[in-house]
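Chains as they are written, first to last, in the numbering used here: chain A, 218 to 721; chain B, 780 to 1425; chain C, 2 to 547; chain D, 110 to 210; chain E, 1291 to 1466.
Written out as structure tokens, the structure reads:
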């Protein structure tokens, strides 16, 4: 026993070397706390610098991990708690970049200046914390770890949602929280059965799925469905998406950008890791994983689009847009072929990029229009052309039209569906393909709504002056440029993705 | 006579004379553009006559250049610019040139054309040019090009006084009705191009000569349809009377040598190509038209209308003759008709100038006012009526003989209804005499007005020339023997013998008809029957009303329906597709409500209908949760059913 | 001259550079934007002249071999590694053959006319001219791209500038029209996208070492480039819902492009878009954009899926016939001059479809000729409507009468345009239509029971209807007693200005010369047409009889 | 020896009751209590399954962390509820509906 | 029947009755009390499941922490004159439908399941024979689950900071 403890601790210590990015995240959190506590409080600028610095370090460390892992390699850490492979490193890099951008957003915290500074420090911490949760979920190979990571993401999400400190913050936050609480309880209930039937929490352990597949009965199906609930909640897929519009409506734009990207992608990675096992064990039941996921994907994208059509608020619109995109991301896990894996990773990157860029621009408009009501976008395209045009590009990218990488992403995704249809021949795939493509058309109806209002409606007489913080414009322009660039040179991104090992 | 070597530049002389005249006139002396154009036309005509003298019996076809072609090797379809000079084309060309020259000349002092005449002469030149094209073209497609150009220039000239709504309407009607006929031409072209593989008329005629094929019948039928349109035959005859809205010289040109003659000419030209059924149809069409036109001419009030219907009727004679298998006689009649009809129109123009009106009532006492013109007019009118010693007698006699022969043969072969054609034609002869006499009666009715207006020489001379051209000498030396007419190519086909009873019968019909017609001038009693006849005649058998009710109105109705389909159904489909999965029951309501407001509103509507997902009723988080749970339940229950084997 | 290799790129990027220039120039130079636009288009015209002088039909027909194309530019674009199923390669592949060159020429002319017609634009010049130039570049790209992805890119790129040009500078219901246009066309392009996906997953090309999935449209035309067993393999028998997959793909592609053409019943976006768009944009829309549809059907539909083309020829011909009659009848009852012209476009493009469906030399020639001639004629007619609209702001036919007395020159050019539209011989529409008729008649000889002789014969009805509405317009608007609905217009109705005269007369002259000298155009494409037709029939029948 | 299924049935009942509370009660705190009830039900499952996992005791440890997280969540919830109460003067979920389209 | 087993079912019954009471009671404070009863009963149930450590934690954290927090919440949010601890219900039909059906389905599936694998008592590995389960868990927490434990620490720290920041009074006199 002692020996085992010793070896475990040694392994843990050894593992720390490959855990540096997360350590850096924790360190920055602690550092900000320490400075906040032991000085007279950090100014906004300093919090920002600290947070961004932290993310920079994380970014650097994550980049260092990339060559460490050959494409085939994966390292398990902390007694099979975590698994480090290129997939997780890839998204860690993305998360760090997202984190840097998110901290650059204009401060949207209400309150008296000194308090705002305090609050911003906590906000920075929460962003870092959410990134930590994201990292852990990316690497999770254990249901306990996954649960903890999901909870980290959730709770930091609830808190971030509140961090505008306005009247409705509480409502959005509590709705998010209740929904999250219930869905995590449901998920846990599912996990408990998975644990009980599988005998272990470590889902990379071959025993786990082997044990599970012995007991292929309704209970197992229910356990899987209930476990999915929590993951779908993080993905904001239907039917677990209801929190999104309300939470999006009140959350600070920066935090929102992070919430809309990090938990979603991290949960997607978890789902990617679970998919082979789940689809294997479900193969023995009448419920096929492919049909299940395809159904959820179809419903999600369709309902998300349909709901988005009627929105009058840009943030709610973005919420439903996120829902619809979840549907598209789920296409990738319907059939997890190598191609669809590449496609979905590609799509996720593009989605993150477009979403971040769009939120950056929306934050500009939010300075004068805190609720981002669409009715107040009228004519702004002529008032300030540059952000409007950039927003247009972002929206086109989200729609998935050329010449933006959104199109490349959709193209690859649909191609992968078609390719697997060709090899499998399941008709639900054609349905998925057709519905997905039709949804692209429908999506146009709402994505272009804001640019449409900005260009096609006259400017009201008492139009507010638009502040255009140059830094934000520069960064969003960079994001949009990247979207254009990746369309023209998709191989620049694909080369990276190709070196991720699909075998997981 | 020894034939001249034929050079391609001859065609330049033939075609470009009036064009150069026009251009020269426009450039040099705009006021005298008419004179220049007339000179140019006269030059071309002289050249044509000259060619007639030398080259009448040596057919030449010259290829000017390749216009376009499709394909290569075996499958090539060539469209060459081909011009053919042979007996028929040269004679026709000379005729067109002659009449055109006179009309051009006449027009130089035509008072109703005020001010700038360059537009008018441009139209005339185009008209003649196109007609020449039809005459000489050796390529059926090219013929069609000119054919349409004739249509276009007639549209242009009929609508010359475009500020008059009637003129504009008449122009449109003329072109449209012609267009209907042209459909036949296009179908013929399609068949010829696809099955014949060439548009070369000579080749086609040769091919047809060596044996008729089925497609030729249909192509011929198409051509006949085109001719029916262009030559104003039944049932497409309504446009010609309306075309009187144009200037009178234009009418003269149109009736005599260019437009309507083109139809007859085409049938003559393509005669070998036409199959038996087509010809029979043509005979009937011609017979019916000859009768209908003559009847319609009977009670007209307007001298130009009388003349217009007479043209229709005479064209009917020609078509019937072709149908009976005697294109030469048709051509002979075309030839004589050109002279006297041009004379009639030009004369009528002068007289109308004197009477300040085209109304027959106003025409009295012409003999005093413009004696020479009136004499010429009477000569031409007598020719029209087919009075012996005038050209019309010869040609009409020929046609009647031909028809008689054809009927006899047909009846012998058991085709008894061919008698109808004979009867119709004879009645046509009779009615012609009636309306000519009636017209002359009005003309000669004494009237006590002495407002003498002098007639300029440029008008007097053409009319008189044409009047002279109406006597028998124009056709042949012997005023009673059509077979000796110099136009007739004796070698070409068998010339039927006229039965001995024919000439007396015609003459007596003419005398009787003339008597009746002359009495008709003074006929004032208003009997119901008489009124009905008058209405029927004056309104041309009510054809306009019938066509309006049967063709125009239904077409517009269909178009309106299509419009509604377009607006309601197809737009509705679009809007409905945007609406997505809205229940069918809502569909119609939807279209009505959102047709105008459009897509944006529609999508909102869709979501209001299907937006339960977004709203879940109350907007409360627990409702959301319940929805999610129900969703999960549905999933689970589905799975259970799957387990059971549902 | 080495620059000659890159002529096509210049053609695409000159207007795009112009657009950038307009964007960069500060608002101070606002009045110069149109000059930039004009300059860019003039440079394009010069490039085009250079292309035309260098173009030698003897060099090759194009269609099936990349070597036989002209001015080919081939550069790698990107290569994506897709894991187990191999790599995907897209290239920057440009080239013209007899199909594209006439349309390129047409586009340059129409775009030039459009820029002159835009002279009167007052609102937001920067946006207008930059979008216009962007549109010009995309149009060029559409016609010269030989890589499907590149083509699709340009095809989609037509959409957004057009959306804004209609939606921002259009008439009263511009927004409705813009959205409708957008959604319709997007639907079409989505269908095309599906087929594109199927295609590139099925076609491969090798570079000596390895095989790549490719977007190369020229490679897609050859059966041996299809991967055996792949979805669209001509040798395979993949089915979808009981239909051969290749047929399904062909139909999707056809519908996608048919929306753009437009073919009844997918046309309802067109009248609205045309009516609401500003004059210059209507001109471009009718003159160029519709042709992209026809070109797409030919290049992507018929050449890649010859079996589908043969199989559905009758069906397509019926659609073309319906378009002809249906568009004509609609035009007959249109009250708005622009709407009338728009519906006449539907009818005229129906001839294109009918010609293509005939799968004969004549039909193809006619279709291309019709595209060019309709491009010019409809441009002229839209400009005519625009002249009137500029004067009075109203285009209702019933509100005018006797315009000929006030505006003789305007009337003259209108007469030319309308008679060209109704297919008067001597004008290009006639040549195109007669070729289409010949083609359809030839095709009617074939075995397809649907493609009967009734189709060409019924199609001739379209000519009567066409004459009906054209002449009716002339009679109602131009002839008769002078009358305008609003007395104030009497003063504003002046005859053509110098700019308008130059524009309209030169277009008229072009139309006339095209009508008189068709060989000028036919020579460019006849070899291509022959190669295409024989190729389609050969490979198509080979696939069908397999 | 109590059969494992009895534990599981017990937990299922508790879980269901928790769900019903979450669904039907208007008071936020009641909803929170419902969630706690559900989490407790989960813990029963984990604990009872963990009984057989003697080597790593994952069940118990999982349950432990569930309790921990639940506590944290309750803390956050309370903080938000207090703010909410300040702004809305109510904690009745049916009356907190400022965010609607 | 063994008295221990009877005790187990008693506590189970108690918990279920208390939970059912929570569903129906109008008074918040009663509900909190009932929740306490449920949790305490559960602690007993945990012992029967062999989870001593958990039982202790349950009492400590749940009853001592969370429940107190909730009662705090109840008190803090009822500072209104005339406020009774009443809490209404809604969504009677769909709420009960969804909840009950899920419950029934769960019960049915559990009844359907074959639990023979869990019939035999757990095997204790040799190297653990000397330890109690509480000791074992302690060791595990410090070795295998060290990472999670640390994470939990950070978790609590951050959540506390966040919750404090949210719950703190507004500065500058804007406090309400």
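C-beta: ideal position from N, C-alpha, C; glycine also.
Distance, residue 1331(B) Cα to residue 486(C) Cα | Straight across, the Cα-Cα distance linking residue 486(C) with residue 1331(B) is about 27 Å.
What's the C-alpha gap between residue 126(D) and residue 161(C)?
-> Approximately 55 Å between the Cα atoms of the pair.
Relative to the alpha-carbon of residue 410(C), which residue among 520(C), 502(C) and 419(C) has its alpha-carbon at the smallest distance?
-> With distances taken between CA atoms, residue 410(C) lies nearest to 502(C) out of 520(C), 502(C) and 419(C).
Inspect the beta-carbon positions of residue 1415(B) and residue 438(A) and report whether they are closer than 9 Å.
-> For residue 1415(B) and residue 438(A), yes; Cβs fall inside 9 Å.
Using a Cβ cut-off of 9 Å (strictly closer), state whether residue 1412(B) contacts chain D.
-> By this cut-off, residue 1412(B) is not an interface position.
Where the region 347-367 of chain A meets chain E: residues whose CB sits under 8 Å from a CB there = The residues in question are 349, 353, 361, 362 and 365.
Would you check if there are 3 or more beta carbon pairs closer than 8 Å linking the region 466-482 of chain A to the region 330-345 of chain A?
-> Between the region 466-482 of chain A and the region 330-345 of chain A, the count of Cβ pairs shorter than 8 Å is three or higher; the stretches touch.
May I ask you to list, following chain order, the residues of the region 781-792 of chain B that have a beta carbon less than 9 Å from some beta carbon of chain C?
-> None of the residues of the region 781-792 of chain B has a beta carbon lying less than 9 Å from any beta carbon of chain C.
For residue 629(A) and residue 560(A), the rounded distance between their alpha carbons = Approximately 5 Å between the Cα atoms of the pair.
State the Cα-Cα distance for the pair residue 57(C) and residue 524(C), rounded to the nearest angstrom.
-> Rounded to whole angstroms, residue 57(C) to residue 524(C) spans 10 Å at the Cα level.
Determine the direct distance from the alpha carbon of residue 872(B) to that of residue 726(B), and round the result to whole angstroms.
-> A query on residue 726(B) cannot be resolved here, the shown segment of chain B reaching from 780 to 1425 and no further.
By the 10 Å Cβ neighbour count, where 16 or more other Cβ atoms means buried, how is residue 1364(B) classified, buried or exposed?
-> In this prediction, residue 1364(B) scores a pLDDT of 29, lower than 50, which makes its location untrustworthy; the coordinate-derived value is nonetheless stated afterwards. By the 10 Å Cβ count, residue 1364(B) comes out exposed.
For residue 360(C), which of helix, strand or coil comes out of DSSP?
-> In the structure shown, residue 360(C) adopts coil according to DSSP, grouped into three states.
For the region 322-339 of chain C, enumerate the residues whose C-beta is nearer than 7 Å to any C-beta of chain B, in chain order.
-> Listed by position, the residues of the region 322-339 of chain C near chain B (Cβ gap below 7 Å) are 327, 330, 331, 333 and 334.
When you check each C-beta in the region 437-458 of chain A against every C-beta of chain B, which residues fall closer than 7 Å?
-> For the region 437-458 of chain A, which is checked against every Cβ of chain B, the residues closer than 7 Å are 438, 439, 442, 446, 456 and 457.
Can you tell which of 1421(B), 1419(B), 1407(B) and 1010(B) has its C-alpha closest to the C-alpha of residue 742(A)?
-> For residue 742(A) there is no data in the structure shown, the boundaries of chain A being 218 and 721.
In three-state terms, what does DSSP make of residue 1464(B)?
-> This structure cannot speak to residue 1464(B), because chain B is shown only from 780 to 1425.
First and last residue of the alpha helix (DSSP H) that includes residue 1141(B)?
-> No alpha helix (DSSP H) contains residue 1141(B), which DSSP labels as neither H nor E.
CA-CA distance, residue 685(A) and residue 581(A)?
-> Here the C-alpha atom of residue 685(A) lies approximately 6 Å from the C-alpha atom of residue 581(A).
In chain C, which residues lie less than 7 Å from residue 923(B) when you measure between Cβ atoms?
-> Correct list: 426.
Closest residue to residue 204(C) among 179(C), 123(C) and 90(C) (Cα-Cα distance) = The option with the nearest alpha carbon to residue 204(C) is 90(C).
Interface residues of the region 690-709 of chain A facing chain G [CB-CB below 9 Å] = Reference to chain G is not applicable here, since the protein chains of this structure are A, B, C, D and E.
What are the boundary residues of the alpha helix (DSSP H) that includes residue 239(A)?
-> In the DSSP assignment, residue 239(A) falls within the unbroken alpha helix (DSSP H) covering 237-255.
Is there contact here, the region 313-327 of chain C with the region 444-462 of chain C, by at least three beta-carbon pairs under 8 Å?
-> By the Cβ test, the region 313-327 of chain C is in contact with the region 444-462 of chain C, since at least three Cβ pairs between them sit closer than 8 Å.
Using the C-alpha atoms, what's the distance from residue 1439(E) back to residue 1432(E)?
-> One C-alpha to the other measures close to 8 Å.
Looking at residue 320(A) and residue 381(A), is the spacing between their C-beta atoms short of 9 Å?
-> Cβ distance not < 9 Å, so residue 381(A) and residue 320(A) don't count as in contact.
Just the Cα atoms here: how many angstroms apart are residue 507(A) and residue 650(A)?
-> Between residue 507(A) and residue 650(A), the C-alpha separation is close to 13 Å.
Tell me whether residue 394(C) is buried or exposed, calling it buried when 16 or more other Cβ atoms sit within 10 Å of its Cβ.
-> Residue 394(C) comes out exposed.
Compute the beta-carbon to beta-carbon distance between residue 140(C) and residue 112(C), rounded to the nearest angstrom, for a pair I have assumed lies under 8 Å.
-> About 7 Å; that satisfies the 8 Å criterion.
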